[in-house]
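A short worksheet on the structure shown next.
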Amino acid sequence: MTGLLKRFLRNKSGNFGMIFAAAFPAIVASVALGVDLSNTLTTKTEMQDANDAAVLFAARVFKETRKQPTLAKVQVFLDANSNLKVKAKKLAFNPDRTEFTLDSSADVKTLLMGYFGQKYQNYVVISKANLGFSETLEFVLALDTTGSMAADGKMAGLKDAANDFIDSMFDAKDRGADIKGGIVPFAQYVNVGASRRGQSWLNIPKDVDTRVTTKACRKEAPVTGKTNCRTEFTPGRTINHPARGESCQTNDGTKVCSPGSPAWSENIPAGKNETCDNIYGAEETICENVTTGDFSTWQGYVGSRAYPLNVQDVNYRIKVPGLLNVSGSVELQTLTDERNKLKNKIAELSPDGETYLPDGVIWGTRVLSKLAPFTEGAISGKGGRQLRKTLVLMTDGMNTISPNGEFHTNTDSALADKYTIEACNEAKAQKIELFTISFGSAVPNSANILLEKCASKPENFFNAKSSADLKAAFQKIAGDMLNIRLSQ
C-alpha cells in the first residue's frame, strides 16, 4: 500500500511539472509584458515632453515670424531635444482656435517582448499649443514724455520699442485675439483732450481774455523820389568776437549743456554801395490797431483733485480741474482696436516738461476702467473669455515735482513718490496688472526701487539701460500678455 501511494505521488508530481512546463512561456510573456508596459509609461512620458516642447517651439516660431514652420524644421528641433528618435508626422494650425497640433510617433525597442516576436512597439503622442488668444486683452502704455527724454536718443528709442509692442499685440489681434490698447503720455500734466470740454466729470474755468485793442496813429512823410545819388566806399575791417563759455539749463532734473566757443576774428572785406537822398512828400497820418494783454484758454490739460481723490478712480461728482494756459504732452488715446490710431499717437510724442508719475498711473487706470471719465473699458471678456487688463508704466527718471493745489508746481519728491505707490495700489485694486520700466543709464536707484514696488510682482519690473533693453522689455511684456501655452 505504501509503495502504491508513493508511486501515485510521483505520478502527480510529474503532472505538476508538465503543467508548469506548459505554462512557463505564458508566465514569461506576462512578466515581459509587465516590464515593457512599465517601460511604455516612461517612454510615452518622455515622448510627450519632447512633443510638447516641439509644439511650443512651432507656436513661438509662428508668433515671431508670422509664418507656420515646416514639419522638417520641427523635426530638427525634436532631433536636437530627444534621444527617442521621435518622428514628427503632422503639424496643423487651427486659425479659429489659434492652436497648433503636433502628431508624432516613435518605434521603441522592447525589453523582453522581443523574445516573443515583438521587437519594437510603436507609440503615438499628440500635443496642442494655444497661442494665448482666449482672453480679452486691454492694455495702456503710460509713457514718460518729459524734457529729459530728449537726451541720448531716448525718445527715438521709446517710439521704436512702443511701435514694436503695438505690432506684436495687433498682429495677434489679426490672428483672432480680442485686443484693445490705449496710450497715456504724461509729464507735468496729462492732456485729456480739449474736445472733452463740457464733460460732466470736468471743471473747466471760463477763458480769461485780457486783450485790449486800441488804435495807434502816427504821422509820416512818404518818400516820393531820390536825389544826389553817389557811390560810397567802405574800407575793410576785422571784428574780434570774444570767447563764449558753456551754457547749461536743467530740464526735468537733467542738466543739459550747450558747448561754448573760442574767440574768433571775422574779416569784412572792403566794399561800395550807392547812396541817395530821399525826397519827401506831404506828411500823412497812418493808423494801426495795437493789441495788448493775454488770452488764457483750456487746451486739454488737467490738474489734481484734492487728496486722496488725486490717486483714486472714484466719485467724479468732485470734478477733475482743467488748467488754463498750460501746455505739455500730447492728448491721450483712449482704448481702441485700431492699430494705426495707437501708432499715430506714438509718432506725435515729443519731450517737454517735468516728471509727475502719479498722473501716468492714475490716468492709465481711468482709461482702462469702464466707469467715467472714460467708458471704452470692458466689464467682462467677450463671448465668455477671461478679461485681462494691463498697465505698462515707462519713465526715464524720478518724480521732480508734486501737487500745489490743482497745479503741479511744488518740488516735494517724497510726496510724489507716496502718491505714485497709492496710484499703483488703486490700479491693483481694480485687478489691473502693472508692469513698470525704468529707461536709461541715469535713473537713480531710488526710482528703480519705487518702480519695483509699483509693479504687480518683482518680475514685472524691468531696468532698461539702453534702447535695445527697452525694446526687449516691451517684447517680454507682450509675450507675457500673449501667453503661448499647452492646451493638451
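Counting in this note's numbering, the sequence shown runs from -8 upward without gaps. No residue lacks a Cβ here, since even glycine has one placed at the ideal position from N, Cα and C.
- Within 10 angstroms of the beta-carbon of Ile428 lie 16 or more other beta-carbons, which makes it buried.
- Its chain contains Pro86, Thr89, Leu122, Phe124 as the residues whose beta carbon lies nearer than 8 Å to that of Arg166, once the 5 sequence neighbours on both sides are disregarded; these appear in chain order.
- Take Leu461, set aside five residues on each side of it, and the residues of its chain with a beta-carbon closer than 6 Å to its own are Gly148, Ala152, Phe430, Ala455, in chain order.
- Straight-line spacing of the CA atoms in Arg202 and Ser360 works out to 41 Å.
- For Asp151, the uninterrupted alpha helix (DSSP H) run begins and ends at 145 to 165, by DSSP.
- Counting along the chain, Asp403 sits inside no alpha helix (DSSP H), nor does DSSP assign it H or E at all.
- Leaving aside the five residues that flank Lys310 on each side, the residues in its chain whose CB is nearer than 7 Å to its CB run, in chain order, Trp192, Leu193, Asn194.
- Inter-segment contact for the region 348 to 364 and the region 173 to 182 is present: three or more beta-carbon pairs are separated by less than 8 Å.
- Counted as a single uninterrupted DSSP element, the alpha helix (DSSP H) harbouring Met472 occupies residues 458 to 472.
- For Asn335, the secondary structure class from DSSP, reduced to helix, strand or coil, is helix.
- Each of Phe68, Glu443, Arg235, Leu128 was checked against the Cα of Met472, and the nearest Cα belongs to Leu128.
- Apart from the 5 residues on each side of it in sequence, Asn280 sits with its Cβ closer than 7 Å to the Cβ of Thr204, Lys206 in its chain, given in chain order.
- DSSP, read as helix, strand or coil, puts Lys64 in helix.
- With the rule of 3 Cβ pairs closer than 8 Å, the region 211 to 219 counts as touching the region 262 to 270.
- If you look at Ser95, you'll find it in the beta strand (DSSP E) that goes 90 to 100.
- Proximity to Ser457 across Asn451, Ser432, Phe465 peaks at Ser432, based on C-alpha coordinates.
- Between the region 330 to 338 and the region 292 to 311, the count of Cβ pairs shorter than 8 Å is below three; the stretches do not touch.
- Note that the C-beta distance between Val65 and Ala45 is below 8 Å.
- With respect to the 8 Å criterion, Ser287 and Val183 are not classified as neighbours on the basis of their beta carbons.
- Counted as a single uninterrupted DSSP element, the stretch harbouring Ser437 is not any beta strand (DSSP E) but the alpha helix (DSSP H) occupying residues 436 to 445.
- In the DSSP annotation of this structure, Thr325 is not part of any alpha helix (DSSP H); the continuous beta strand (DSSP E) holding it starts and ends at 324 to 327.
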